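*Asks:* Sharing a structure here in C-alpha cells format.
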Amino acid sequence: MDKHPLLAGYHAGDNALDKPDNYQGNKAGVDYESFILALEEGIQMFNERQDRATEICQGKLSFNQAFERDYAVAEKRWATPEQLRYLLTLHEEVTLKDNGTFTLKAGGEVQGLRNRYEAYELIGTSTRKWWCVTTRTICTMRFGCTAWMEVI
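Position in the sequence shown (first residue = 1) + 1086 = the working numbering.
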C-alpha cells in the first residue's frame, strides 16, 4: 500500500536513514480521500491474491474466495433490535452503596467530582450475602441516553 501511486512522495522509507528519492520531507501529508482510496485498494488487492498458503485457503484460494465459500454455507444468526439497543447502551461496573447511590465515570469529571445517581429500587441490596463484597455491592449499570431515569 505504501507504494501506491496516490501516495507517491509520502513514503518515508523503512527507517530514518532510508529515504526514497521522491520523498517530500516536512510536507503536511496526503489528503484523507487519497489515503482512504489507497487503503481500500491495498486491502482489496491483499484479499484477492490467489494461492494463499493457509489452512483455510489450502494453497489455492484467495481470502475473498475462502470467505465467500464458507459464508455461503454458514448458519447466520442476527441480533434482534432489542439486543442491538442493549449493546449500544453505555455500561460501567460500579460500586453500589447501602443507600442506593452510585457514581459513573460516563459523564466525565468536574473538579474531580463525578456524576452521582440514586436509585430507590437499589436501597439495601448490598445486604444480600451472595452479592456482598464487604459493605458494598459490585453491579453493572447501563445508561440509556433517552431513558436515563428508567431502570434498564
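Using N, Cα and C, we set each Cβ at its ideal position, and we do this for glycine too. Keep in mind that this is a model prediction, so the values were computed, not measured.
#1: Taking 7 Å as the cut-off, does the CB of L1093 come closer than this to any heavy atom belonging to the ligand ADP?
#2: Bridge partners for F1121 per DSSP, in chain order?
#3: Going by the CB atoms, is the gap between R1155 and S1148 shorter than 8 Å?
#4: Is the distance from the Cβ of A1124 to the Cβ of L1173 below 8 Å?
#5: Specify the secondary structure class of E1161 as computed by DSSP and reduced to three states.
#6: Cutting at 7 Å between CB atoms, please list the residues of its own chain near K1146, excluding the five before and the five after it.
#7: Hey, would you say G1115 sits closer than 8 Å to H1090, going by beta carbons?
#8: Which two residues bound the contiguous alpha helix (DSSP H) that contains L1170?
#9: Do the CB positions of G1186 and A1205 come within less than 8 Å of each other?
#10: According to DSSP, simplified to helix, strand and coil, what is E1141?
#11: Could you tell me if V1180 is buried or exposed, where buried requires 16 or more neighbouring beta carbons within 10 angstroms of its beta carbon?
#12: Have a look at I1122 and M1087 and give me their C-alpha separation to the nearest angstrom.
#13: What do you get for Y1118, buried or exposed, if any count of 16 or more other CB atoms within 10 angstroms of its CB means buried?
#14: Return the residue from the list Q1130, L1170 and G1095 that minimises the CA-CA distance to Q1151.
*Replies:* In brief:
#1: With respect to small molecules bound, the structure shown includes none, and the ligand ADP cannot be examined in it.
#2: On the sequence shown, residue 1121 is found 35 positions in, with the first residue counted as 1. Under DSSP, no beta-bridge partner is assigned to F1121.
#3: For this step, residue 1148 is matched to residue 62 along the sequence shown. For this step, residue 1155 is matched to residue 69 along the sequence shown. In this structure, R1155 does not lie closer than 8 Å to S1148 by Cβ.
#4: Numbered from 1 along the sequence shown, position 38 holds the residue referred to as residue 1124. Numbered from 1 along the sequence shown, position 87 holds the residue referred to as residue 1173. One thing to note: A1124 has its Cβ no nearer than 8 Å to the Cβ of L1173.
#5: The residue labelled residue 1161 in the question sits at position 75 within the sequence shown. Here E1161 sits in coil by DSSP.
#6: As a working note, residue 1146 is residue 60 in the sequence shown. So the qualifying residues of the chain are D1137.
#7: Here residue 1115 refers to the residue found at position 29 of the sequence shown. Here residue 1090 refers to the residue found at position 4 of the sequence shown. Judged by their CB atoms, G1115 and H1090 are not nearer to each other than the 8 Å cut-off.
#8: As a working mapping, residue 1170 is identified with position 84 in the sequence shown. Residues P1167 to L1174.
#9: As a working note, residue 1186 is residue 100 in the sequence shown. As a working note, residue 1205 is residue 119 in the sequence shown. Taking 8 Å as the cut-off, the Cβ atoms of G1186 and A1205 count as close.
#10: In the sequence shown, counting from the first residue as 1, residue 1141 sits at position 55. E1141: coil per DSSP, three-state reduction.
#11: Locating residue 1180 in the sequence shown gives position 94, where the first residue counts as 1. Buried is the call here.
#12: As a working note, residue 1122 is residue 36 in the sequence shown. As a working note, residue 1087 is residue 1 in the sequence shown. Going by the C-alpha atoms only, they are around 11 Å apart.
#13: As a position in the sequence shown, residue 1118 is number 32, starting the count at 1. The residue in question, Y1118, is exposed, as its Cβ has fewer than 16 Cβ neighbours within 10 Å.
#14: On the sequence shown, residue 1151 is found 65 positions in, with the first residue counted as 1. Considering only alpha carbons, the answer is Q1130.
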